[in-house]
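Let me begin by presenting the structure, written as structure tokens, before commenting on it.
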Amino acid sequence: MADGRVSTGARADDRPGADALGQTMDLALIEEARGGRLEAFNELVSRHQDHLFGLVYRLVPDRDQAADVVQEAFFSAYKNLASFRGGSVRGWLGRIAVNGAMDLQRSRRRRPSQPYPEFEDDSWQPPTQPEEEPESRVLAGERTKALARALADLPVEQRSCIVLFDVEGYGYSEIAEIVHVEVGTVKSRIHRGRLALRNALAGNRELFRG
Amino acid sequence: MDRTTPATHLRHDQMLIVRLFGGDVDESERARALDRMADCAECAGLFADMGSIAAATVAMPVPARPRDFALTEADAARLNGGRDGAGRAWFGLRRSLGGALAALGLAGVVLMSALSVVGGGAATLDQSNAAAPESLSGLAAAPQVPAADGSNVGFAAASPAMPAATTGSMVGAQSSVADTLNGSGGKQVGTPPAAPSSAPIAVANPAYGDGAGGAAQGGTASQPDTSPVTGMDSRMLWLIGFAALFAVGLATLLLPTALTRIRRRQNR
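These protein sequences, in sequence, are chains A and B. When we follow the working numbering, the leftmost residue of the first sequence carries the number 1, and every step to the right adds one. When we follow the working numbering, the leftmost residue of the second sequence carries the number 1001, and every step to the right adds one.
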């Protein structure tokens, strides 16, 4: 963990071979979609919608709003197929979605009264491993709630940079390109955001240790 | 996390550890941070907390997406509509036209407001003519053309067209006209001797120049500009007109986009 990155296996396509194959498929689908084949674009949607929803959901603490942002991102991507200049399709879609999420958060400074309401709903349980002990399951649920609240309280600028760095695995300069700020600003947002998160979770230290 | 930070641990020390965690340190900073972590449980705890919080952030569960985001044929048609040549041309035209109208309206509103402030509630007709748009000046100036017999279009000729309500207030002006006629042989109708240059406009402007305050005031013909149709100060009419222009421009710019968004939300 030289640079603090956490290996979790959250990105299924991170393996070099799978990534290259997936990228090739994405590019082929983009070409077909540019030719007017809607099915090809919808295949792209199908390949990336879970990832985009997961990404946006960490930035927009409301499931319906996150879904709206993802839908708008796909609309925007379809409308701007011609402007795709190559590179990672996943990154391109992610950029569109992250900017949409940040725009939404900025335009709605008023936070929802209850961020991440799913976590407060006992009927919704996060996915668990079959071998997981009931006690650790409860612990994980409590940890998720506390973290969700703390994340939601961060300014969206800090939150988005942390999510892009930790969850998406982007580097500082890539994040700077995505959110259109200087690299130093990205670093500052991430470091300050981390400290703020830690302070916010000071009362729940036991949940995060051990 | 809940330990009290020692006095020796300033904020930048914490930041150094956080930067170390983020891989954002040079060699000397790295060595310094590692030294501090080796000596200080607080710093080591901070580093460990960074790791566990980051891990929890990555592992944070995400609920199932509420719907499929595939585009329908209708979505594609709508989005393609905005992408083809005609759609783009229409968008450009609408934006240009709306922008021009809004800018013109705003400029007019500002100008007329400024005139009202500078000229006060009853600016002289000279001021309003000087500042009014070309068309207004033209209208006001048109009756200045002398009659064929060489005499000016006299006040008597203009008076019958005046609204009844205003005639009372014009009595003073008529007296003044009569005096002037007696003295000048009808060449400077309605003009106080002190300001002959303003007289033709003041007199020969039956449609715009004979307002409620039409009595001659001192040496200058001071006649608020009132519409015979609405009875309103014509500057106010211009102001309303410009404001309407501004509103139409804004609507042209924004309304179609807003309607599209509303429709999109309803479709969802």
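Note that beta-carbon positions come from the ideal geometry of N, C-alpha and C, so glycine has one too.
What residues from chain A crowd round residue i, counting only those whose CB sits closer than 7 Å?
i	result
Thr1260/B	Ordered by position in chain A, no residue passes the 7 Å Cβ test against Thr1260/B, which lies about 11 Å from the chain.
Arg1067/B	Ala67
Would you say residue i faces chain B, with C-beta separation under 7 Å as the test?
i	result
Lys145/A	no
Ala67/A	yes
Gly184/A	no
Gly87/A	no
Arg137/A	no
Gly54/A	yes
Gln49/A	yes
Going by DSSP in three states, residue i sits in which element: helix, strand or coil?
i	result
Asp62/A	coil
Asp103/A	helix
Asp153/A	helix
Asp1233/B	strand
Ala200/A	helix
His180/A	coil
Arg1094/B	helix
Phe84/A	coil
Tyr78/A	helix
Tyr170/A	coil
Glu142/A	helix
Glu133/A	coil
Gly22/A	helix
Arg189/A	helix
Gly1105/B	helix
Quick check on this structure: which residue in the options has the alpha carbon closest to the alpha carbon of residue i?
i	options	result
Ala1044/B	Val1018/B, Ala1059/B, Val1058/B	Val1018/B
Val156/A	Leu21/A, Leu59/A, Leu38/A, Glu43/A	Leu59/A
Phe84/A	Lys145/A, Ala140/A, Arg205/A, Glu31/A	Glu31/A
Met1236/B	Ala1114/B, Glu1073/B, Ala1100/B	Ala1114/B
Phe1021/B	Ile178/A, Leu195/A, Leu151/A, Arg34/A	Leu195/A
Arg90/A	Asp166/A, Thr24/A, Lys187/A	Thr24/A
Pro1063/B	Glu72/A, Ala82/A, Leu52/A	Leu52/A
Ala200/A	Trp92/A, Arg143/A, Leu139/A	Arg143/A
Val1110/B	Trp1090/B, Phe1047/B, Trp1238/B, Thr1257/B	Trp1238/B
Tyr78/A	Gly87/A, Asp64/A, Leu93/A, Gln65/A	Leu93/A
Gln105/A	Val138/A, Ala150/A, Leu154/A	Leu154/A
Ala20/A	Ser88/A, Ile96/A, Ile178/A	Ser88/A
Lys145/A	Gly184/A, Asn99/A, His180/A, Leu207/A	Leu207/A
Gly86/A	Ala28/A, Ala67/A, Val98/A, Phe41/A	Ala28/A
Leu1101/B	Phe1246/B, Phe1069/B, Arg1261/B	Phe1246/B
Phe41/A	Ala1033/B, Phe1069/B, Arg1261/B	Phe1069/B
Taking C-beta pairs closer than 7 Å, name the residues in chain B that residue i reaches, listed in chain order.
i	result
Val167/A	Thr1057, Val1058
Tyr170/A	Per Cβ cutoff of 7 Å: no residues; Tyr170/A is ~13 Å from chain B at best.
Leu154/A	Correct list: empty, because the minimum Cβ distance to chain B is about 11 Å.
Ala190/A	Checking the sequence shown, residue 190/A turns out to be Ile, not Ala. The answer, in chain order, is Gly1022.
Phe84/A	Per Cβ cutoff of 7 Å: no residues; Phe84/A is ~14 Å from chain B at best.
Gln71/A	Phe1069
Can you pull the chain A residues whose beta carbon is under 8 Å from the beta carbon of residue i, in chain order?
i	result
Leu1071/B	Leu38, Phe41, Asn42, Val45, Phe74, Phe75, Tyr78
Asp1035/B	Those do not exist, as Asp1035/B stays about 17 Å from chain A at its closest Cβ, beyond 8 Å.
Kindly indicate if chain A contains any beta-carbon less than 7 Å away from that of residue i.
i	result
Ser1028/B	no
Ile1053/B	yes
Gly1022/B	yes
Val1018/B	yes
Leu1254/B	no
Leu1111/B	no
Val1248/B	no
Gly1098/B	no
Leu1079/B	yes
Ala1076/B	yes
Can you list the residues of chain B that residue i reaches, using a CB-CB cut of under 8 Å?
i	result
Asp64/A	Pro1066
Gln105/A	Those do not exist, as Gln105/A stays about 17 Å from chain B at its closest Cβ, beyond 8 Å.
Arg209/A	Ala1048, Asp1049, Ser1052
Leu93/A	Within chain B, no residue comes near Leu93/A; the closest Cβ sits about 11 Å away, beyond 8 Å.
Leu29/A	Residues of chain B passing the Cβ test: none, with the nearest at roughly 13 Å.
How would you list, in chain order, the residues of chain A whose beta-carbon sits under 9 Å from the beta-carbon of residue i?
i	result
Ala1089/B	Here the premise fails: no neighbours, minimum Cβ distance about 16 Å.
Met1015/B	His191, Arg192, Leu195
Can you pull the chain B neighbours of residue i, defined as C-beta to C-beta under 9 Å?
i	result
Ala148/A	Met1060
Val179/A	Correct list: empty, because the minimum Cβ distance to chain B is about 16 Å.
Ile162/A	Ala1054, Thr1057
Arg90/A	Chain B residues near Arg90/A: none, gap ~15 Å exceeds 9 Å.
Arg58/A	Thr1057, Met1060, Val1062
For this session: Write down every uninterrupted run of the alpha helix (DSSP H) in the segment 1010-1087 of chain B whose length is 4 residues or greater and which is fully enclosed by it, in chain order.
Result: 1011-1021, 1027-1039, 1041-1059, 1073-1081
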